[in-house]
Amino acid sequence: MPSPRTASRNSNNVIRQTDQGGTSPQTPVTTPLPSIASDTVVQLESWPVPQVIIGFREHKIAYGRRAIMKLGRDDFLRFLYVRFVWVPVTVFGRVNRNQKLTDYAWEDSDFRTGASLMGTFYHTHGQDDVGKIKLGDLGWYEMINNIVRIDVEYSGNAVSQ
23 MPSPRTASRN
33 SNNVIRQTDQ
43 GGTSPQTPVT
53 TPLPSIASDT
63 VVQLESWPVP
73 QVIIGFREHK
83 IAYGRRAIMK
93 LGRDDFLRFL
103 YVRFVWVPVT
113 VFGRVNRNQK
123 LTDYAWEDSD
133 FRTGASLMGT
143 FYHTHGQDDV
153 GKIKLGDLGW
163 YEMINNIVRI
173 DVEYSGNAVS
183 Q
């Protein structure tokens, strides 16, 4: 016979349903949201959420926050270059799908020096950190922990290397 279940609210006013016996993990209970004024912000998930939204031209894609943190700014920028900009050399009109980006191609690319990562922060502390802010490489881990979205600004074209 299954053990009885109880529902409780935590400090963030999130309802959790648990077994009395404590044998199973906590399971969130879906409850209907009350009617809310349009200017009210409701936080259903604690911060930071696991995803960061990346915007580049017409693309909008989510990547994992921890993965972005671990890469660091330079390696993340290189990842974005391979994902969105770099085009492998074609041989007889065919793209060589096994071709890897060389260090020379990356170092010589306009993207490495011409792209800007513009971040939108979740928690802000005044007017200077509201809206899109250019992200530097110092303090990358701390900044990414507070980033909602990163927009890649780059005016160049895709290049073959």
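First residue of the sequence shown? That's 23 in the working numbering, and the numbers climb one at a time after it. Note that beta-carbon positions come from the ideal geometry of N, C-alpha and C, so glycine has one too.
Of the listed residues the options, nearest to residue i (C-alpha basis)
i: Leu139; options: Arg100, Ala89, Ser68, Pro70; result: Arg100
i: Gln83; options: Leu157, Ile172, Leu160; result: With the sequence shown as reference, residue 83 is identified as Ile, and Gln is not the correct amino acid for it. For the residues Leu157, Ile172, Leu160, the minimum Cα distance to Ile83 belongs to Ile172.
i: Arg134; options: Lys156, Tyr103, Thr112, Arg87; result: Tyr103
i: Lys156; options: Tyr163, Phe114, Val174, Arg105; result: Val174
i: Asp96; options: Leu160, Glu164, Gly178; result: Leu160
i: Lys122; options: Val109, Asp132, Phe78; result: Val109
i: Thr146; options: Pro72, Lys92, Asn168, Arg116; result: Asn168
Residue i - containing beta strand (DSSP E), residue span
i: Glu175; result: 169-175
i: Gly86; result: 81-86
i: Val74; result: 73-78
Beta-carbon spacing of residue i, residue j below 9 angstroms
i: Trp69; j: Tyr176; result: no
i: Lys154; j: Gly141; result: yes
i: Ile75; j: Val170; result: yes
i: Asp130; j: Gly178; result: no
i: Ile90; j: Phe78; result: no
Supposed close pair residue i, residue j - CB separation, criterion 8 angstroms
i: Gly94; j: Trp162; result: 6 angstroms
i: His81; j: Phe106; result: 7 angstroms
i: Val111; j: Asn120; result: Not confirmed; about 11 angstroms, so no contact.
### Task
Would you list, in sequence order, the uninterrupted beta strand (DSSP E) runs of no fewer than 3 residues that lie entirely inside the stretch 107-164?
138-143, 154-156
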